[in-house]
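So in our numbering, spot 305 of the sequence shown is number 306, and the numbers just go up one at a time. Below: one structure, written as structure tokens.
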Amino acid sequence: MISSVPLAWALTALFALTGGYALRRWSEVVSAQGEAVRRTAELAHVVMSVAMVVMTWSWAGTAGVAVQIALFGVFTVFFAVTAARGVRCGAAGPATGVAHALMAAAMVWMLAAMPVIMPMAVAPSGGGGGHAGHGGGSGAEHAEHAAHGGQAGWAVAATVVIGLALLVVAGFWVARAVRRDAVPGSSGTGDGSGAPDPGGAPAARVLTGARPGGDPTGDTLRAGAPAPAATGTLDPGPAAGAGPVPGDPGTGDTAGPGGAAGPGGDTAAGDRTAPGPFGPRSDALCHATMSLGMVVMLAAMVVGW
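Listed below in structure tokens is the structure:
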């Protein structure tokens, strides 16, 4: 619960935005029959955003909090096991599962420790206006429904540590968003455009004719350096309209057979389901926004904003 009305509305808008984005991504992953771990991750983001909006304005009461703690506890264990087993949970691989597990664990902490990290008594939403500072209910009613009344030093210290961990998670997502290969695409630029990296020479396939003791076709691939003078003809590569060759570093397609990540690519099949502007980079920005919003929520709870 946030006492400051402007801050409460700002957090509401922030988590409504992340929740809407996560819902869009979840529907795309489900429609594309993406991996179960990706569907679970996007669903967790939707539920997390909704819970944060509710938490901003009210306390769900003992039963409601218990249900949310159990749900986010399941998400925490799921992502922790996923990371431990090395299962991909996004473009960053198993590291994404670690970040998701930390975010879900932070949700569990906020719900469970809210009464002992806030400087005011916490009242459930069903009892006389649960949002502190927003009117409704007498002092006696608030005292009657308060779970605890005051902060515990150990809980505040643990909240600070969790807030710092969330800042690290936010930094991880920001780093993912600005990385050149955050968007699946060319093995050169990594920006999804398929253009070669301007810092290096494109690979060239040259037909040099038969060589003694060598490949009778003379078809050699040279990458990272200008092509040698050709004695034959230049092979133009795949014919126009033939489509990308799976696993070919010149096409920008990082997927090998069966949709698995090819050499030089770190994007799972579920990361390529969203067309247009949606992809690993926008996902990372959404995660970073959620992490920073959670840090602000924790700070507001401790300070009493």
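Glycine included, C-beta positions come from ideal geometry on N, C-alpha and C. For clarity, every value in this text was computed on a predicted model and none was experimentally measured.
Cβ-Cβ distances below 6 Å link Met291 to Thr19 in the same chain, with the five nearest sequence neighbours on each side left out; the list follows chain order. Contact fails between the stretch 79 to 86 and the stretch 49 to 65, because fewer than three Cβ pairs, one in each stretch, are under 8 Å apart. Taking a C-beta distance under 8 Å as the contact criterion, Ala113 and Ile163 do not qualify as a contact pair. For Ser32, the uninterrupted alpha helix (DSSP H) run begins and ends at Val6 to Ser32, by DSSP. Assigned with DSSP and collapsed to three states, Trp306 falls in coil, not helix or strand. It is roughly 32 Å from the alpha-carbon of Gly62 to the alpha-carbon of Asp284. Between Gly280 and Ala176, the alpha-carbon positions lie close to 15 Å from each other. Excluding sequence positions up to five before and after Ala171, its CB lies within less than 6 Å of the CB of Ala289, Ser292 and Leu293, all in the same chain and listed in chain order. Contact between Met115 and Phe73 is ruled out by a C-beta separation of about 13 Å, above the 8 Å threshold.
Annotated as distal: Gly305 and Met49, with beta-carbon spacing of 8 Å or more. The Cβ atoms of Phe80 and His46 lie no closer than 8 Å to each other. Taking the Cα positions, Ala156 is about 42 Å away from Gln34.
Burial of Ser59 is indicated by the presence of at least 16 other C-beta atoms within 10 angstroms of its C-beta. Each residue's CA atom was taken as its position, placing Gly154 and Ile3 some 20 Å apart. Here Arg40 has Trp27, Val30 and Val31 as same chain residues with Cβ atoms under 7 Å from its own Cβ, once five neighbours each way along the sequence are excluded. If the five residues before and after Ala11 are omitted, its C-beta is found closer than 8 Å to no C-beta atom of its own chain. In this structure, Thr160 is the residue among Thr160, Leu286 and Arg282 with its C-alpha nearest to the C-alpha of Met298.
For Ile3, no alpha helix (DSSP H) run applies, since DSSP gives it neither H nor E. Taking 8 Å as the upper bound for CB-CB distance, Met302 and Leu167 are not in contact here, some 13 Å apart. Nearest to Thr77 by C-alpha distance, out of Ala105, Arg25, Tyr22 and Ala23, is Ala105.
When DSSP states are grouped into helix, strand and coil, Cys287 belongs to the helix group. The residues Ala84, in chain order, have a CB closer than 7 Å to that of Val99 in the same chain once the five nearest residues on each side in sequence are set aside. C-alpha of Val51 to C-alpha of Ala17: approximately 7 Å in a straight line. Taking the CA atoms as reference points, Pro7 sits about 33 Å from Val75. For Arg89, no alpha helix (DSSP H) encloses it, and the DSSP letter there is neither H nor E.
In the structure shown, the three-state DSSP call for Pro120 is coil.
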